[in-house]
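Participant:
Numbering (this note's numbering), first residue to last: 133 to 486.
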């Protein structure tokens, strides 16, 4: 096994800690000269419930809604920040009526894997009456009204034919909507992350969108009844294997992976955001004009994150199954919530769900 490895997101860390795979890096990170430059939101996500830090929050991603400004303006549709879910839904209906294109994509279904939860469902729940799933006692709050309402939002999108269904039932469900329909203007709003401008639709991609930063705008995720949310997450956080033959050396190497130089190199290639404030002054980072305003927003303290707990992998799979049933029109919001709760209880035990 490697001495240093990473997991996709912050929500993956707790399960790996619980399995005993990780060496804590608390002492080394706090003594490191880069520690004061790390964003607080990154450090919070890297800290486990036992107060120990297990991950180097070197890179962050920031998730919002991305929309085709050019298409909406041409059709005379408002590009103002939507204030509520109802406003966002009406905007999607307006797009469908005036352009014939699909209005809005939230990832859904089983084949999208954890992306259904990470790039879709959780963006909704932070703006509901159930804004956090992980409770202080380590249980998962899945029976709240906010969870049902998020499934209801999916049901509204699906039942009003506002998002493409068939591609989401395919083996690689992201390919057609994100990399074909959105560049072609057949899908007008999608959830995406800070990587979108470079990795999804930038000049080096298969279907680049010319002048992407002018043509594609961003909105924060509106809350159900108001409020605006930008979701921040750790992107590929580095971890040290507890069984490494030389844990001390592995920790030193990992700290180097959190240097400005390393962070900026990752930003150049993946389109994600350095997890440290001083990267903003780096000349190479300043050339990444798509990312500069996102890092500036993080420096102002913008950003919401979802606290995670053990069992988030089961939660993500349950959300995939529940939204799959909605895609296939086999259930409604109440039924989707039941699918989620039943699945998580089956995997983690009845006591895991609040």
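Heads up, the beta-carbon is just placed ideally off N, CA and C, and yes, glycines get one too. Note that the structure is predicted; figures quoted are calculated from it, not measured.
In terms of residues, what are the limits of the alpha helix (DSSP H) holding residue 348?
Facilitator: The count along the chain shown starts at 1 and reaches residue 348 at position 216. No alpha helix (DSSP H) contains residue 348, which is instead part of the beta strand (DSSP E) from 348-351.
Participant: Measuring alpha carbon to alpha carbon, tell me which residue in 477, 322, 247, 188 is nearest residue 351.
Facilitator: The count along the chain shown starts at 1 and reaches residue 351 at position 219. Residue 322 is the option with its Cα nearest to residue 351.
Participant: Let me know if residue 335 comes out buried or exposed under the rule of 16 or more other beta-carbons within 10 Å of its beta-carbon.
Facilitator: Position 203 of the chain shown, counted from the start, is the residue given in the question as residue 335. It is exposed - the Cβ of residue 335 has fewer than 16 other Cβ atoms within 10 Å.
Participant: Closest to residue 358 by C-alpha separation, out of 143, 150, 217, would be which residue?
Facilitator: Counting from one through the chain shown, the residue named residue 358 turns up at place 226. Looking at the Cα atoms, 217 is the closest of the given residues.
Participant: Buried or exposed: residue 223, going by 16 or more other Cβ atoms within 10 Å of its Cβ?
Facilitator: As a first step, residue 223 is located in the chain shown; it is residue number 91 there, counting from the start. Looking at its Cβ environment, which holds 16 or more other Cβ atoms inside 10 Å, residue 223 is buried.
Participant: Taking C-beta to C-beta, are residue 348 and residue 198 nearer than 8 Å?
Facilitator: For the purposes of this step, residue 348 is taken as residue 216 along the chain shown, with counting starting at 1. For the purposes of this step, residue 198 is taken as residue 66 along the chain shown, with counting starting at 1. The answer is yes: Cβ separation under 8 Å.
Participant: In whole angstroms, what separates the C-alpha of residue 176 from that of residue 246?
Facilitator: By 1-based counting over the chain shown, the position of residue 176 is 44. By 1-based counting over the chain shown, the position of residue 246 is 114. Cα to Cα, residue 176 sits roughly 22 Å from residue 246.
Participant: Quick one: measure Cβ to Cβ for residue 259 and residue 238, integer angstroms, because I've assumed they're closer than 8 Å.
Facilitator: As a working note, residue 259 is residue 127 in the chain shown. As a working note, residue 238 is residue 106 in the chain shown. With 8 Å as the limit, residue 259 and residue 238 do not qualify as a contact, their Cβ atoms being about 13 Å apart.
Participant: Suppose the cutoff is 8 Å on Cβ atoms and the five residues either side in sequence are ignored; what does the same chain contact list for residue 477 look like?
Facilitator: Counting from 1 along the chain shown, the entry for residue 477 is found at position 345. Only 484, 485 meet the Cβ criterion.
Participant: Hey, could you find the ends of the beta strand (DSSP E) residue 330 is sitting in?
Facilitator: As a working note, residue 330 is residue 198 in the chain shown. Careful: residue 330 lies outside any beta strand (DSSP E) and carries neither H nor E.
Participant: Taking just the CA atoms, how far does residue 136 sit from residue 413?
Facilitator: By 1-based counting over the chain shown, the position of residue 413 is 281. By 1-based counting over the chain shown, the position of residue 136 is 4. Each residue's alpha carbon lies about 28 Å from the other.
Participant: Would residue 272 and residue 150 qualify as a contact pair, given that the criterion is a beta-carbon distance under 8 Å?
Facilitator: As a first step, residue 272 is located in the chain shown; it is residue number 140 there, counting from the start. As a first step, residue 150 is located in the chain shown; it is residue number 18 there, counting from the start. It is not a contact, given that the beta carbons lie outside the stated cut-off.
Participant: Assign residue 401 to one of three DSSP states: helix, strand, or coil.
Facilitator: Against the chain shown, residue 401 aligns to sequence position 269. It is helical.
Participant: Hey, residue 243 and residue 305: beta-carbon distance below 8 Å or not?
Facilitator: Along the chain shown, read from residue 1 onward, the residue named residue 243 stands at position 111. Along the chain shown, read from residue 1 onward, the residue named residue 305 stands at position 173. Yes. Within cutoff.
Participant: Per DSSP, residue 475 is paired with what?
Facilitator: Translated into positions along the chain shown, residue 475 becomes position 343. Paired residues: none, contrary to the question.
Participant: Between residue 207 and residue 234, what straight-line distance do the alpha-carbon atoms span, to the nearest angstrom?
Facilitator: In the chain shown, counting from the first residue as 1, residue 207 sits at position 75. In the chain shown, counting from the first residue as 1, residue 234 sits at position 102. Spanning the two alpha carbons is a distance of roughly 14 Å.
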